[in-house]
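Visitor:
There are 2 protein chains.
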Amino acid sequence: MSIYNSKSTNNFAVNYNQIAAAANHLYSIAHRTPVITSATVNQLTKCEVFFKCENFQRTGSFKFRGAYNALSQLSETQKQSGVLTYSSGNHAQAIALAGKLLNIPTTIVMPNNAPEVKKSATRGYGAEIIFYDINQTTREKLAEEIAEKRGSTIIPPYDHPDIIAGQGTAALELIEEVGNLDLLLVCCGGGGLLSGCAIATKNLLKNCRVVGVEPKNADDATRSFYSKTLQSVHNPNTIADGARTPYLGKLNLPLILNYVDDMVTVSESAILRTMYFMWERMKLVIEPTGALAATALLEGIVKVSGVRVGVIISGGNVDLKQVGELFNRI
Amino acid sequence: MSIYNSKSTNNFAVNYNQIAAAANHLYSIAHRTPVITSATVNQLTKCEVFFKCENFQRTGSFKFRGAYNALSQLSETQKQSGVLTYSSGNHAQAIALAGKLLNIPTTIVMPNNAPEVKKSATRGYGAEIIFYDINQTTREKLAEEIAEKRGSTIIPPYDHPDIIAGQGTAALELIEEVGNLDLLLVCCGGGGLLSGCAIATKNLLKNCRVVGVEPKNADDATRSFYSKTLQSVHNPNTIADGARTPYLGKLNLPLILNYVDDMVTVSESAILRTMYFMWERMKLVIEPTGALAATALLEGIVKVSGVRVGVIISGGNVDLKQVGELFNRI
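Protein sequence lines correspond, in order, to chains C and S.
According to the numbering used here, the first sequence is numbered sequentially starting from 1.
According to the numbering used here, the second sequence is numbered sequentially starting from 1001.
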C-alpha cells in the first residue's frame, strides 16, 4: 500500500504543482499523444484499458517531455553555455531535439559501440556527440569533466526534478482525457516516468493504484521497493534496453516509495510476446521497454477484472531491420 | 477539376445523407480512429498534415465501417438467412466481425491459396470459409451459386451503396476533428473508400481537392478516371494487395468521376520507402496499401506547399514475420 499523504508532498523533490507547470511548458510543443483502446484487449483482460501512446511522442518516446521541461527552465547564461548529458538511448535524442528547439547547444556522451541508428538520430537533431570507451571510463565521470571544462549544465536522464515533473505530464494528460482509472501501469528503468506519473495520478485520482513494471532480469527497482533501500543491477540481460539502468535515481526512490503501490517483474519471453501482440493486433510500433507495462496486464502478472486500467507505452524506437529476426523467435 | 454540383447528388448511388446516417449506425461500435500529426512530416512536406489512422480501426482496416453499415441495415429475414462475400483480405475479416456483432451468420468465399494468417483471423471472428481453386472457377460465380442455394445476401467489397457510405465516414470524422483541409489523399483499389470519402469531403469542404492514389502497376482507376470509361488490370504485380482489384465498381466509377479532382500513381519502391518511413518515424504498423496516399505526398507526386492535407491510412494488416525481409530490400 502507498503511504501517500497529500500533506507530506513538500518533503519531496517534486510535487504536483511542478507537473502542472511542466504541462504548461510543454503545451503545443510536445505532442498530446493519443490514447488508444482495443476491443480485443478489453475482451481478453475483462477490463477497460486505455493505452497512452508515448511512442507517438516527438523523438519516439516520453523522454522529450522531461528534456524539454528541464531545458526550458534554464537561465539565459546556462542556455548559452549549453547542456550535456550521457545516454545512448531515448534521452539523448530528446535532449538533442529540445536543445535544437530552444537554441541551446547540446553535447551527448555516448559509448563508442552505440548503435549507428541512435548515433545518426542524435546527430540529426544537431547535437555534438562525444564517444567514450566503456572499458576505459564511466560516462558520469567523463560528463562531469567535460561539463566543468565548458561550464555546461548536466541534465541527467531521470534523477532531476524537472525531468521527473516533465515525465509526469504523460499521466496527467491520460487522466484528463479518460477520467477515472482504478489502476495505472508504468514501466520502470531509472524511475523518472514512474515517479512523475505516480505523483500526478495520486493527486488527481487518490484511489487509483499505481504499479511499476520492470524486467525480471533487471529487478533492482522492485528489490529497492520491497527492501526500502537502494538496490542495483549490473549490465542486466534484457531486451528492454530502457530498463537496463543500474539503479533508481536518488530523487526517484523516495518518490516511488511514497507514491507507488506495488512493483512487479515480467520475463523476457512475456515481454516479447506482448510486444508482438501489440504490433500485430494494435498496429503500434513499440520498443521492448514500451511493452513492459502492458505485459504485466496481458500476461496476468497483475490480476484485475472489471476495472479501468491505464497503461503507459513509453516509446517506439526500435531497429526495424532487426525486428523480423526478433519476432521469428516467438 | 471536379464537376461536383450539390444539386446533382441525387443522380448517384450514394449521397451525403447516407454517410451521415452511416456515422450514426457506427457510433460507439466502430472505433473513432485517432488523427496523428508528425512534426517531421510537416517539416519535410512544408504542409500541415493530418493522418487518419484506419489501421487502428476494428479488424485493422477501414473495411469494418462499410461492412457493419451494410449488415446493420439488412431486414430481419435477410439477417436470418446470412450474408456471403468473396475476399481474401480485409473485407472478409470486416464482414466476419460485423456478422458476429449483429448475430448474422457469415460465409466467406476465399481462394485456397490465401495466407494462413488471413484464414485464421477470419475464422477467429466466427465466419464459415468456403475455399475455391482460382484455376477452376471465379469467386463471383461461386458466390452467386452458394448465395442462391442458401438464400443468403451477397455483400461485395466495394460496389454497394451501404459499403461506400460506411467508408465515407472516415473522411467525415477526419474533417469533424481537424476542420478545414485544402487537400485529401485517399488510396484506391475498387474505389469504395475513395468514392465515399470524396462525397463526404465535397459536401463538408467544397474547396478541398480530393486526389486518389493507386500503384503504378495497378493503374486501372487512373486510366478509367482520365478516359471516363471503365478500364481494367489483370493480376497486377504490386505489394499493395488492397489495390490489386481488377477494376472500379460500377457504382464507384461515376462517383469518382464526379467528386474526385485527380488520380495519381506511385511506384513500388516509393510505396516501400514510405511504408518504412511511417513505421520507423511515425511508429505506425501499416500495410503497403495503407502507405499509398502518404506516398503521393512524401515522394512529391502531388506537389503542394503551405496547405492543410488529410491523408487516409487505410489499414495495418501485414505479416510481421515477413516484414523484416521486406524492409531489408530497402
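Note that beta-carbon positions come from the ideal geometry of N, C-alpha and C, so glycine has one too.
#1: Quick check: the segment 1297-1311 of chain S against the segment 1048-1068 of chain S, are there 3 or more CB pairs under 8 angstroms?
#2: Please classify MET282(C): does DSSP put it in a helix, a strand, or coil?
#3: Check the DSSP bridge columns for THR153(C) and list the partner residues they point to.
#4: To which residues does DSSP link TYR1376(S) through a beta bridge?
#5: Report the neighbours of ILE36(C) on chain D: residues whose CB is nearer than 8 angstroms to its CB, in chain order.
#6: With H, G and I counted as helix, E and B as strand and the rest as coil, what does DSSP make of GLU1214(S)?
#7: What is the rounded straight-line gap between the Cα of PRO1157(S) and the Cα of ARG1244(S)?
#8: Mind checking which residues open and close the alpha helix (DSSP H) that includes ASP1220(S)?
#9: Smallest Cα separation from ALA1127(S): which of LEU1084(S), ARG1139(S), VAL1285(S) and GLU1173(S)?
#10: Is it buried or exposed, HIS25(C), if we count other Cβ atoms within 10 angstroms and call 16 or more buried?
#11: Considering only the beta carbon of each residue, do LEU1142(S) and VAL1213(S) sit closer than 7 angstroms?
#12: How would you call GLN80(C), buried or exposed, if buried means at least 16 neighbouring beta carbons within 10 angstroms?
#13: Name the chain C residues whose beta carbon is nearer than 9 angstroms to that of PHE1327(S)?
#14: Cβ of LYS1118(S) less than 7 angstroms from any chain C Cβ?
#15: Can you grab the Cα-Cα spacing for the pair ILE286(C) / ALA22(C), in whole Å?
#16: With a threshold of 6 angstroms on Cβ separation, who are the neighbours of ALA1013(S) within its own chain once the five nearest residues in sequence on each side are excluded?
#17: Name the residue from GLU1054(S), PHE1064(S), PHE1225(S) and THR1077(S) whose alpha carbon lies nearest to the alpha carbon of ILE1313(S).
#18: Is DSSP giving GLU1144(S) helix, strand or coil here?
#19: Whose C-beta lies closer than 7 angstroms to the C-beta of MET1001(S) among residues of the same chain, with five residues either side of it excluded?
#20: Spell out a yes or no on whether the segment 295-303 of chain C and the segment 1293-1300 of chain S are touching, meaning 3 or more CB-CB pairs, one atom from each, closer than 8 angstroms.
#21: So, for ILE1239(S): in the same chain, excluding its five sequence neighbours on each side, which residues have a beta-carbon less than 7 angstroms away from its beta-carbon?
#22: List, in order along the chain, the chain C residues whose C-beta lies closer than 8 angstroms to that of GLY1310(S)?
#23: Tell me, which residues are paired with ILE312(C) by DSSP?
#24: According to the neighbour-count rule (16 or more other Cβ atoms, all chains shown, within 10 Å of its Cβ), is TYR125(C) buried or exposed?
#25: With a CB to CB cut of under 8 angstroms and the five nearest residues on each side skipped, what residues in its chain are close to LEU1187(S)?
#26: Taking TYR276(C) as the query, report the chain S residues whose CB atoms sit under 9 angstroms from its CB, ordered along the chain.
#27: Within 7 angstroms (strictly less), CB to CB, does LYS1052(S) reach chain C?
#28: Assign GLY190(C) to buried or exposed, taking buried as 16 or more other Cβ atoms, counted over all protein chains shown, within 10 Å of its Cβ.
#29: Okay, do the segment 94-105 of chain C and the segment 200-210 of chain C touch, 3+ Cβ pairs below 8 angstroms being the bar?
#30: For ASN1135(S), which option in ASN1113(S), ILE1129(S) and ARG1123(S) has the closest C-alpha, if you only look at C-alpha atoms?
#31: Since ALA1070(S) and ILE1130(S) are thought to touch, with beta carbons under 8 angstroms apart, how far apart are those beta carbons, to the nearest angstrom?
#32: Is the shortest distance between the beta-carbon of GLU1299(S) and the beta-carbons of chain C less than 7 angstroms?
#33: Just to confirm the assignment: which complete alpha helix (DSSP H) runs, minimum length 4, are found wholly within the segment 1241-1300 of chain S?
Guide: For this structure:
#1: In short, these stretches touch, since the Cβ pair count reaches three.
#2: MET282(C): coil per DSSP, three-state reduction.
#3: Under the DSSP definition of a beta bridge, THR153(C) partners with VAL83(C).
#4: Limits of chain S in this structure are 1001 at one end and 1330 at the other, which puts residue 1376(S) out of reach.
#5: Structure shown: chain D not included; protein chains present are C and S.
#6: Of the three classes helix, strand and coil, the one that applies to GLU1214(S) here is strand, per DSSP.
#7: Straight-line Cα distance between these residues: approximately 13 angstroms.
#8: If you look at ASP1220(S), you'll find it in the alpha helix (DSSP H) that goes 1220-1227.
#9: The shortest Cα separation from ALA1127(S) among LEU1084(S), ARG1139(S), VAL1285(S) and GLU1173(S) belongs to LEU1084(S).
#10: In the assembly as shown, HIS25(C) is a buried residue. Its beta-carbon has 16 or more other beta-carbons within 10 Å.
#11: No, the pair does not count as a contact, with Cβ atoms beyond the cut-off.
#12: That one is exposed.
#13: The contact set of PHE1327(S) on chain C, defined by CB atoms closer than 9 angstroms, consists of LEU320, LYS321, VAL323 and GLY324 in chain order.
#14: It does not; no Cβ of chain C falls within 7 angstroms.
#15: Each residue's CA atom was taken as its position, placing ILE286(C) and ALA22(C) some 25 angstroms apart.
#16: Excluding positions up to five away in sequence, the list reads PRO1161 and LEU1251.
#17: Nearest of GLU1054(S), PHE1064(S), PHE1225(S) and THR1077(S) to ILE1313(S), Cα basis: GLU1054(S).
#18: In the structure shown, GLU1144(S) sits in a helix (DSSP, three-state: H, G or I).
#19: Residue placement at MET1001(S) is poorly supported in this model, since its pLDDT is 40, which falls under 50; the coordinates still yield a value, given next. For MET1001(S), the CB contacts under 7 angstroms within the same chain, skipping 5 residues up- and downstream, are ASP1261 in chain order.
#20: Between the segment 295-303 of chain C and the segment 1293-1300 of chain S, the count of C-beta pairs closer than 8 angstroms stays below three; the two stretches do not touch.
#21: Only GLU1268, ILE1271, LEU1272 and PRO1288 meet the Cβ criterion.
#22: Simply none; closest approach about 16 angstroms.
#23: LYS52(C).
#24: With a 10 Å radius around the Cβ and a threshold of 16 neighbouring Cβ atoms, TYR125(C) comes out buried.
#25: Checking the displayed sequence, the identity of residue 1187(S) turns out to be Cys instead of Leu. Short of 8 angstroms from the beta carbon of CYS1187(S), and not among the five residues preceding or following it, lie these beta carbons of its own chain, in chain order: LEU1193, LEU1194, GLY1212, VAL1213, GLU1214, ALA1240, GLY1242, ALA1243, THR1289, GLY1290, LEU1292, ALA1293, ILE1312 and SER1314.
#26: Simply LEU1320.
#27: Output row for LYS1052(S): interface = no.
#28: Classification of GLY190(C): buried, given that the 10 Å Cβ count is 16 or more.
#29: The segment 94-105 of chain C, when compared against the segment 200-210 of chain C, does not touch it at the 8 angstroms Cβ threshold.
#30: Nearest Cα to ASN1135(S) within the set ASN1113(S), ILE1129(S) and ARG1123(S): ASN1113(S).
#31: With a Cβ gap of about 20 angstroms, ALA1070(S) and ILE1130(S) do not count as contacting.
#32: So no, GLU1299(S) is outside the interface.
#33: The qualifying runs are 1252-1259, 1268-1280 and 1292-1298.
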